[in-house]
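Data block below; observations after.
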Amino acid sequence: MKYLPLIPLTLFLLLACGGPKETLTFSGIEERIMDTLVVTAPRFDETEGELMDELSEENYTLPAFNESARRAFDLLHTKLEVRFDWATEQVIGKATLKLTPYFYATDSMVLDAKGFEFNQVRELGAKADLKYNYDEQQITLYFDRKLTRKDTVDIFIDYIATPRAAGGSAAITSDKGLFFINPTGEEDKPQQIWTQGETEHNSRWFPTIDKPNERTTQEIYITVQDKYKTLSNGLLMSSTDNGDGTRTDYWKMDQPHAPYLFMLTVGEFAVVKDRWNEIPLEYYVEEEYRELARQIFPYTPDMLTLFSEKLGVKYPWQKYSQVVVRDYVSGAMENTTAVIFGEFMQGDASFLKDNLTNEKIVAHEMFHHWFGDYVTCESWANLTMNEGFANYSEYLWLEEKHGRDEADYHLLEEMRGYLGQGAVHPLIYYGYADKEDMFDQHSYNKGGMVLHSLRSYIGDEAFFTALNLYLMRNAYTAVEADELRLAVEDVTGEDMIWFFDQWYHKAGHPILNVNYEYNPIDGQAIVMVEQTQSGRDVPTVFQFPVAIDVYVDGKKTRHNVWVKERIQNFEFEVSGEPDLVNFDAQRTLLAEMEDNKTESAYLFQYKNAPLFMDRYEALQGLTASESNAQIEQLYVDALKDPFYGLRAFALSQLDIESNPEQAAAVKALIQNDPKAEVRSAGLDRLIALGDDSYKSLFEEVAENDEAQSVQSTARIGLAALYVAEGDTKNLKFFEDSYADFDYYDAINFFDLYAELASQGEYDEMVATAKKLKPIAMGDSSLWKRFAATKTINTLHGALVQLTEETEGDAARQLIEADGELLQILSDIKEAETDPQLKQVYIQLPQP
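Sequential numbering of the sequence shown, starting at 4, is according to the numbering used here.
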């Protein structure tokens, strides 16, 4: 699962929306002689009846531990027959489950089934229905005999499921399991049905053993109106016309997979077909995007080739389908053979231009088909065995397709995301409060970076050989981290407990303070490394290999060393004072580092060290230096850096306020740089100036740039100028443009809209709020809904302030106008269904 489009919203709302009520907020050294082992226990005082040693109460309490689900039965096969009542948003279903006791004999069985009505529960072949108890979450069946592991039973259940949400999380905003989109057809969006099973939500629409360590084959008969297309796991075996305007599609999945990976989708889709090595490929999109389907899911065949070759395991499933749905509650989901994506993937050619997001998400969900679907995490505590691999696939793809600079840039972003999370816990985390909490930047970002460190340590050949062994050895089973460790050990011949213990089972990462000295008397370059990390479950000392490059007279010598102490010095013989000593020269260390290099060392590093991260760290390190001619020239030189990320960074450091030549260089990049990110960065610099002389440039770019992201930035520049002018006639510009904005850009654009509208008369504010109400209540993008609502709330705040400054009849008019805004906000609050926004809207003022 990929959830990045939702997590940044939460962070943005937390960080950017603080304020008063009117503003929305997401508010000793130990020595032992071991010749003889003496075991002692705390002294017990009989008179007091308590332990006398200094033990706190917590010593008597086991820590939280979320174990893997106990397997009482093995679910062998699942047959489903489903149809839908759109008006009541119900699933009318029949399920036939084949099971066998896992080991112990039993006369009862527990199945997950949340919010069901049961018409019949029967063992096939029996004369009477089964007795059962039901608590709205699980159904317990009772048999008239003991079943042993030599027995197989077939359970038939005729049921009606009414999927309802009981919660959600930042990653998966609703646990409803199955969703009806626009069920009455009254909204301006397609009618669809789709499912979201992870973590344990598929049991809201069919009975099962809803645990990640379960695995079953599957067949499903889906009855729908003829106008709809269906999609499910496996292959479409038949479509039967029922003669009443409906059709039944029969999908069969004959390879076992976890119940949370079951899926179905119903809707009016354009289906574009392709093939890869005799494997059918399908792209499901809305009709208007039919011609762009292959670009929406970019490089799908190439990725299948790359991952199959890298892993030595050919894509192991019968087909590969990808579908975009409306109002999805996560980023994307790796349902076996049939991946669901949110609508953010769809867009026109200008949206798809320079868009790496789609590539990374397609790679992520595809790689799950080996890591997550083919082998599956045994418990949610082991989620990184799914998500860490999927995240690292993004690096592998970018490295192959776009080069190491692009891949390392992505790794830098992953590190920033991990460090920005705040809370620290082990990567394999049995102590979580809620399984949904495992969908965080540990399981994803850190998990991928740990794999990158492992690859660097054992080498590419050993790394991919070990992954092949891990997959082949554990195919169609549930796994935990030690199974990966054993595969690595069996390939390399090395005990890897030290690596897996500190990276998977302990928390945190090294925090390093690195200093450098040169001893001319002894002819030594000295590197002083201090580890400063602290915290619960965080090792006081991490051990790791690291490469240190020493440059003298332009010649590089590499030294491979081990860091194993809290404070450790490394001394290297040199023929003269080093130009640069480069710690972690391979740039593979998962650590925070204060690297205390000199200005001259950074200047040398940018020009001579080989990697993107070398150049990036040099430019970043020099931002803290006092400006001088060398540094200023370096930033100008960096405008021609081969990697666009560094050109964009260099733009941010130019003195365009007082240096016309540098301002001209920025303008030239906006007009000519081949990368959209650089063009947008240049626009951001000019927008910050608030200089009306750039208006024509903004208009030109907004009209003609080939990338939607750059067009949007230029429009934000125009919006900022209109706000500065303060003429509310320019509100029409916003009203003509806000349909083109989404995600962060929507927040920025609507904030400017609110600022200009707040400068108008009270009736203009009310008119603006009324125009925004349909967006706030009905737009499919929660970013736009939030942005529109936030704008209305800002207008309410402006009216409150005006009222406080006004008296008499004019004040009463303002109060009446504000009453209209308060009612609009109340209507928005009542209509909102997204859990994140509902929580935020608690803060909205009441009428």
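C-beta atoms are modelled at their ideal positions from N, C-alpha and C, and glycine is treated no differently.
Here the structure is a predicted model, which means the values were calculated and not measured.
Per the C-alpha coordinates, the member of Y263, M348 and G270 positioned closest to F300 is M348. For the pair Q298 and L309, the Cα-to-Cα distance works out to about 18 Å. Inter-segment contact for the stretch 319-330 and the stretch 277-292 is present: three or more beta-carbon pairs are separated by less than 8 Å. Taking the Cα positions, Y473 is about 38 Å away from V530. E397 and H367 have their alpha carbons spaced roughly 6 Å apart. Between P210 and L114, the beta carbon gap of about 5 Å places them in contact (Cβ cut-off 8 Å). By the 16-neighbour rule on beta-carbons within 10 angstroms, P513 is buried. Runs of the alpha helix (DSSP H) spanning 4 or more residues and lying entirely within the stretch 368-405 occur at 387-405, in chain order. Within the same chain, V566 come within 6 Å of F547 by CB-CB distance, once the 5 residues on both sides are set aside.
Distance from the CA atom of E271 to the CA atom of D229, rounded to whole angstroms, is 10 Å. When C-alpha distances from L721 are compared across L700, G246 and E709, the shortest belongs to L700. The beta carbon of D376 lies closer than 7 Å to those of H260, L264, E337 and T339 in the same chain, with the five residues before and after it left out. Per DSSP, reduced to three states, the secondary structure at D552 is strand. If you draw a 10 Å sphere on the C-beta of K317, you find fewer than 16 other C-beta atoms in it, and that means exposed. Pairing D252 with L239, the inter-Cα distance amounts to about 7 Å.
Secondary structure of Y756 (DSSP, three-state): helix.
For I529, the enclosing beta strand (DSSP E) starts and ends at Q527 to Q534. For D556 against G579, the beta-carbon gap comes to about 6 Å, under 8 Å, which counts as contact. In summary, T836 is exposed, with fewer than 16 beta-carbon neighbours lying within 10 Å of its beta-carbon over all protein chains present. Residue pairing for Q195: DSSP places it in a beta bridge opposite I184.
Spatial neighbours of Y638 in its own chain (CB-CB distance under 7 Å, excluding positions within 5 residues in sequence) are listed in chain order as A653, Q656 and L657.
When DSSP states are grouped into helix, strand and coil, W786 belongs to the helix group. Look at S628 here: in three-state DSSP terms it is coil, with no helix or strand label. Burial is judged here by how many other beta carbons sit within 10 angstroms of a residue's own beta carbon; E660 has fewer than 16 and is exposed. DSSP places R148 in the strand class (E or B) of the three-state scheme.
As DSSP reads the structure, E120 sits in a beta bridge with I163. For secondary structure counted as the beta strand (DSSP E) over 3 or more consecutive residues, the stretch 460-504 holds these complete runs in sequence order: 480-482. For G450, the number of other beta carbons within 10 angstroms of its own is at least 16, and it is reported as buried. Annotation for A352: the continuous alpha helix (DSSP H) segment containing it runs A352 to L355. DSSP places T806 within a helical segment (H, G or I) once states are collapsed to three. DSSP places G781 in the uninterrupted alpha helix (DSSP H) bounded by Y765 to G781. The beta carbon of D695 lies closer than 7 Å to those of L724 in the same chain, with the five residues before and after it left out. The Cβ atoms of E520 and V544 lie no closer than 9 Å to each other.
Residues M499 and F503 of the same chain have their beta carbon placed closer than 6 Å to that of R488, with the five preceding and five following residues left out of the count.
The stretch 128-140 makes no contact with the stretch 63-70: fewer than 3 CB pairs, one atom from each, lie closer than 8 Å.
If you look at R561, you'll find it in the beta strand (DSSP E) that goes K558 to V566.
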